[in-house]
Amino acid sequence: MTHTPPVPPANTSPYPVQEPPHAPSPATPPQKKAAEEWAEPKTRGWSLGRIVGAAAGVGAIAIGVAAVLFPREDTPEPKKKKRKS
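Below, the structure is given as structure tokens:
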């Protein structure tokens, strides 16, 4: 359906159909410099979250390797039923 229904001329929307043009704003160098400074990565070192995450990852890998290299060979024996006397 490509046909749009007719709209009466008095039926206008309270919201504009197109956004009005904006006035150009002057670029301020101090704000731009602050944004560039914020965007630069900090080279202070590792954060606590990275250290904990790395330790958890290494531990998970170690458990996985141990499970592959040292599987359980003995099967657990079933529990014996107690006899009532």
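Using the numbering used here, the first residue of the sequence shown is number 1, and each one after it goes up by one.
Each residue gets a CB set at the ideal place from its N, CA and C atoms; glycine is no exception.
As the structure is a computational prediction, the values presented were derived from the model and not from experiment.
Taking just the CA atoms, how far does residue j sit from residue i?
i	j	result
proline 5	proline 21	29 Å
arginine 72	glycine 45	41 Å
glycine 59	phenylalanine 70	16 Å
valine 7	serine 13	11 Å
alanine 10	glutamate 19	21 Å
isoleucine 63	alanine 54	14 Å
arginine 83	threonine 75	24 Å
alanine 23	leucine 48	46 Å
isoleucine 61	lysine 81	40 Å
valine 65	glycine 57	12 Å
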